[in-house]
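Below is one structure, written out as structure tokens, with a few remarks after it.
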């Protein structure tokens, strides 16, 4: 049983005297048979908590500098219309009491806390976002990842890896961007895909009849493949039903030894598409190994790239400017000199703009 | 001075005994010199409020059915690192105390309440969304609307009318969609635009060298034009600097009498683009007049449409299925029979998928 948490805030142009505001508000609560406890705040304004029937709780604060905040918590099965009326009555009363002193009235959609299906998936840059998610359709833990597939009315099924929105059925724009935004011709080309467990890249490249696509998906992600081949078919089609097809093969292996073997054999690809994971966000010293790992993969990938080939990868949120700069720094440290370009793309389910990179040998 | 409001919630697989959980948690708060008041909840679990220094407030609830919720409010200028540490300590302690009984731990990005710049602009379907807005660049009230232009790092400037996100500089996708998604040729065509005060449609159609674009923007929106021509130049270019140009004219008039005059004159257009306002969301009886107004404009627009012409308009959020159905019902009630098609489009700053309509004479 979830908790609904409403907030109602009045920002004021001048400080407000609690004595002139509070009694009028309390009368609204008393009508609802709620009784208050007033707390000592050591000079930080007025604070009362009010407990009502059915587990209802109200926190009323009149902050000395000119802000009134009201929190109302109730259980999900409570009478929502009644609570809306209570908030309406409070808002109306406060408008009268604070007349001429109001800069902004803010009443947010209720936070739903402890619900069976979690709808809150913050953006990479840490903003609070509520998705229209109504169902968990798949959930598994692998040795390294928590894998969820969640259903959204507007985005279809969404793959979530370790709490990060990875890809939704609505996100053809992601696959198109990481394939070069429609400017490439994959016919008769040799293509290497690192990661890509959702099968989206595979499904789109195959349509262009390449010579061969080799997709290397590390074994601990096979639960990703298992989930996607059932629940993300708008993205992967029937690509993941079999590990080999007319012009593709899926190697369920760690990509590092595979890349090393290709380097040794002198094998090259026209396109290398790195769809492994986002660029590490943290820049803490202990994360150095993540950057090293990323650079290792980059270095090997560039080594197996045909001189006229292209390497595509996703970057990060356009708002994570520091992480993007650090990534671009790595590009200057490869054993083979490269140039790059980037593009900002709107991937529908991400709810933040995303940077994609194209890298090639100088 | 804004309030930061943190939440930390533990969903549990079985009900939990407050006596086994609370003392351990309280010790964490006592370390922070916070003292509790325990409330009688009439059998709805354990509830304590704790007041600390600098206006800090904690609400601790152990709900009888298996949910622990913690709210922590502090002022913006408080020591945020210290509060993060407190939340980390609480999370760690709870993990130990509730070991084996935890379904989900949820710690949301802090809600910022009463801030100078408001970052929360819910979607049309009522979901909580935090934008990366850092500045109010323009704000005016006209007789009918509150007009804001807000700056977002990722979307550029965003036009907000009466609290609804209307258009951002990132939203060329909106303009392209309402022009027929690149499938039309406007060269030498007669085009009528209703609304469109941000100038986006004007700027894009002009590029295709039409015979003439007539844009009819109601006079009370001239403050929209005033704001957009300064702050939305990525969208409107220099289109709004003058009311007439080589192949366009802006009539600052109510569109209804203008349309009626065109009907009387027997004038027709190859394209009519209605960019006035979203389809009314409410379906309450008192809103009938809104639907009537909308149908009046539609009816007049179809009358001035060339037999082979097309009428484009935005619809609504793809999630507002009822409002969309009601709109489609209106299309069956016009004096001239029409057919229609619709398309779902991702407009970057909307953070919800949007439906666009193409309508033509049968």
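Protein chains in written order, with my numbering: chain A, 1 to 362; chain B, 1001 to 1362. Backbone N, C-alpha and C fix where the C-beta goes; we use that ideal spot for every residue, glycine too. Computed from a predicted structure; not experimentally measured.
- Message: Does residue 235(A) pass the burial test, meaning 16 or more other C-beta atoms within 10 Å, or should it be called exposed?
- Response: As a first step, residue 235(A) is located in the first chain; it is residue number 235 there, counting from the start. Buried, because 16 or more other Cβ atoms sit within 10 Å of the Cβ of residue 235(A).
- Query: Contact check, residue 1204(B) vs residue 1179(B) under 8 angstroms by CB: the rounded distance?
  - Reply: Looking up residue 1204(B) in the second chain gives position 204. Looking up residue 1179(B) in the second chain gives position 179. At roughly 6 angstroms, the Cβ-Cβ gap stays under 8 angstroms, so residue 1204(B) and residue 1179(B) are in contact.
- Could you pull the start and end residues of the beta strand (DSSP E) that residue 165(A) belongs to? What you label residue 165(A) is simply residue 165 of the first chain in a count that begins at 1. 164–168 is the extent of the beta strand (DSSP E) around residue 165(A).
- chain A contact residues for residue 1051(B), given Cβ-Cβ distances below 9 angstroms: Numbered from its first residue, the second chain carries residue 1051(B) at position 51. Ordered by position in chain A, the residues that pass the 9 angstroms Cβ test against residue 1051(B) are 39, 40, 41, 42, 44, 47.
- Query: Along the chain, which unbroken stretches of the beta strand (DSSP E) at least 3 residues long are found entirely within the region 1108–1168 of chain B?
  - Reply: 1111–1113, 1133–1141, 1146–1152, 1156–1161, 1164–1168
- Query: For the region 1110–1136 of chain B, which residues have a CB atom closer than 9 angstroms to at least one CB atom of chain A, in sequence order?
  - Reply: 1110, 1111, 1113, 1114, 1115, 1116, 1118, 1119, 1120, 1122, 1123, 1125, 1126, 1127, 1128, 1129, 1130, 1131, 1132
- Item | Continuous beta strand (DSSP E) stretch holding residue 3(A): start and end | Translated into the one-based positions of the first chain, residue 3(A) becomes position 3. 3–12 is the extent of the beta strand (DSSP E) around residue 3(A).
- Message: Contact criterion: CB-CB distance below 8 angstroms. Does residue 1258(B) meet it with respect to chain A?
- Response: Taking the second chain and counting its residues from 1, the one referred to as residue 1258(B) is at position 258. No - not a single Cβ of chain A is within 8 angstroms of the one on residue 1258(B).
- Neighbour flag for residue 319(A) against chain B, beta carbons, 8 angstroms: The count along the first chain starts at 1 and reaches residue 319(A) at position 319. Yes, because at least one Cβ of chain B sits closer than 8 angstroms to the Cβ of residue 319(A).
- Message: Using a Cβ-Cβ distance cut-off of 8 angstroms, determine whether residue 106(A) contacts chain B.
- Response: Within the first chain, the letter at position 106 stands for residue 106(A). Closer than 8 angstroms: yes.
- Determine the extent of the beta strand (DSSP E) in which residue 1174(B) is found, giving its start and end residues. Here residue 1174(B) refers to the residue found at position 174 of the second chain. Counting along the chain, residue 1174(B) falls outside any beta strand (DSSP E), though it belongs to the alpha helix (DSSP H) covering 1172–1178.
- Query: In this structure, does DSSP put residue 74(A) in helix, strand or coil?
  - Reply: Here residue 74(A) is taken as the residue at index 74 of the first chain, counted from 1. DSSP, reduced to helix, strand and coil, places residue 74(A) within a strand of the structure shown.
- Item | is_contact[residue 11(A), chain B] using C-beta, thresh 8 angstroms | The residue labelled residue 11(A) in the question sits at position 11 within the first chain. Yes, residue 11(A) lies at the interface with chain B (some Cβ there is under 8 angstroms from its Cβ).
- Near residue 272(A), what residues of its chain come up, given a Cβ to Cβ distance below 6 angstroms and the 5 sequence neighbours on each side ignored? Counted from its first residue, the first chain places residue 272(A) at position 272. For residue 272(A), where only same-chain residues beyond five positions count, the Cβ hits under 6 angstroms are 192, 301, 305, 311.
- Task: Return the CA-CA distance between residue 1286(B) and residue 1331(B), expressed in angstroms with no decimal places.
- Result: Here residue 1286(B) refers to the residue found at position 286 when the second chain is read from its first residue. Here residue 1331(B) refers to the residue found at position 331 when the second chain is read from its first residue. Because the pLDDT at residue 1286(B) is just 49, under 50, the model does not fix this residue reliably, and the value given afterwards should be weighed accordingly. C-alpha separation (whole angstroms): 20 angstroms.
- Message: Taking CB distances under 8 angstroms as the criterion, tell me whether residue 1015(B) reaches chain A.
- Response: Translated into the one-based positions of the second chain, residue 1015(B) becomes position 15. Chain A contact via Cβ: absent.
- What three-state label does DSSP hand residue 1307(B) in the structure shown? Locating residue 1307(B) in the second chain gives position 307, counting from the first residue. Residue 1307(B) falls in the strand class under three-state DSSP.
- At 7 angstroms on the CB atoms, spell out the chain A contacts of residue 1348(B), in chain order. To locate residue 1348(B), count along the second chain from 1; it is residue 348. By Cβ distance, chain A contributes 346, 353.
- What's the call for residue 1073(B), buried or exposed, on a 16-neighbour Cβ count within 10 Å? Position 73 of the second chain, counted from the first residue, corresponds to residue 1073(B). So residue 1073(B) counts as buried.
- Query: Of all the CB atoms in chain A, is at least one closer than 8 angstroms to the CB of residue 1086(B)?
  - Reply: By 1-based counting over the second chain, the position of residue 1086(B) is 86. Judged by the 8 angstroms Cβ criterion, residue 1086(B) is not in contact with chain A.
- Item | 8 angstroms Cβ shell around residue 1020(B) - same chain, five flanking residues per side excluded | As a working mapping, residue 1020(B) is identified with position 20 in the second chain. Cβ neighbours of residue 1020(B) beyond the five flanking positions: 1097.
- If you scan the region 1238–1267 of chain B from start to end, which runs of the alpha helix (DSSP H) of 4 or more residues do you find wholly inside it? 1255–1265
- Residue environment, residue 90(A), which counts as buried when at least 16 other CB atoms sit within 10 Å: Counting from 1 along the first chain, the entry for residue 90(A) is found at position 90. With 16 or more Cβ atoms within 10 Å of its Cβ, residue 90(A) is classed as buried.
- Flag residue 1065(B) as yes if its beta-carbon sits less than 8 angstroms from any beta-carbon of chain A, otherwise no. Translated into the one-based positions of the second chain, residue 1065(B) becomes position 65. Yes, contact with chain A.
- Message: Distance cutoff 8 angstroms, beta carbons only. Does residue 7(A) sit that close to anything in chain B?
- Response: Working through the first chain from its first residue, we reach residue 7(A) at position 7. Chain B contact via Cβ: present.
- Neighbour-count burial assignment, residue 362(A), 16 or more Cβ in a 10 Å radius: Residue numbering aside, residue 362(A) sits at position 362 when the first chain is read from its first letter. Residue 362(A) is exposed by the Cβ-count criterion.
- How about residue 117(A) and residue 137(A): are their beta carbons less than 8 angstroms apart? Along the first chain, read from residue 1 onward, the residue named residue 117(A) stands at position 117. Along the first chain, read from residue 1 onward, the residue named residue 137(A) stands at position 137. Cβ atoms of residue 117(A) and residue 137(A): not closer than 8 angstroms.
- Query: Run through DSSP, which three-state label would residue 104(A) get?
  - Reply: The residue you call residue 104(A) lines up with position 104 of the first chain. Reduced to three states, the DSSP call for residue 104(A) is strand.
- Message: Quick check on the DSSP output: the beta strand (DSSP E) that includes residue 200(A) runs from which residue to which?
- Response: The residue labelled residue 200(A) in the question sits at position 200 within the first chain. Unbroken run through residue 200(A) is the alpha helix (DSSP H), 200–206; no beta strand (DSSP E).
- Pick helix, strand or coil for residue 1342(B), following the three-state DSSP scheme. The sequence position of residue 1342(B) within the second chain is 342, counting from 1. Of the three classes helix, strand and coil, the one that applies to residue 1342(B) here is strand, per DSSP.
- Item | As assigned by DSSP and simplified to three states, the class of residue 1230(B) | Position 230 of the second chain, counted from the first residue, corresponds to residue 1230(B). Note: residue 1230(B) maps to helix in three-state DSSP.
- Nonlocal neighbours in the same chain, by C-beta distance under 6 angstroms from residue 50(A), ignoring five residues either side: Along the first chain, one-based indexing puts residue 50(A) at 50. These residues qualify, in order along the chain: 29, 34, 36, 58.
- Task: Count the other CB atoms, across all protein chains shown, that sit within 10 Å of the CB of residue 243(A); report buried if there are 16 or more and exposed otherwise.
- Result: Reading the first chain from its first residue, position 243 is the one you call residue 243(A). Taking all protein chains in view, the Cβ of residue 243(A) is surrounded by fewer than 16 other Cβ atoms within 10 Å, so the residue is classified as exposed.
- Can you pull the chain A residues whose beta carbon is under 7 angstroms from the beta carbon of residue 1153(B), in chain order? For the purposes of this step, residue 1153(B) is taken as residue 153 along the second chain, with counting starting at 1. The contacting residues are 319.
- Starting from the Cα of residue 128(A), find the closest Cα among 1358(B), 1257(B), 1121(B) and give me that residue. By 1-based counting over the first chain, the position of residue 128(A) is 128. Ranking the options by Cα distance to residue 128(A), first place goes to 1121(B).
- Message: Within 8 angstroms, do at least three Cβ pairs link the region 1003–1011 of chain B to the region 1100–1110 of chain B?
- Response: yes
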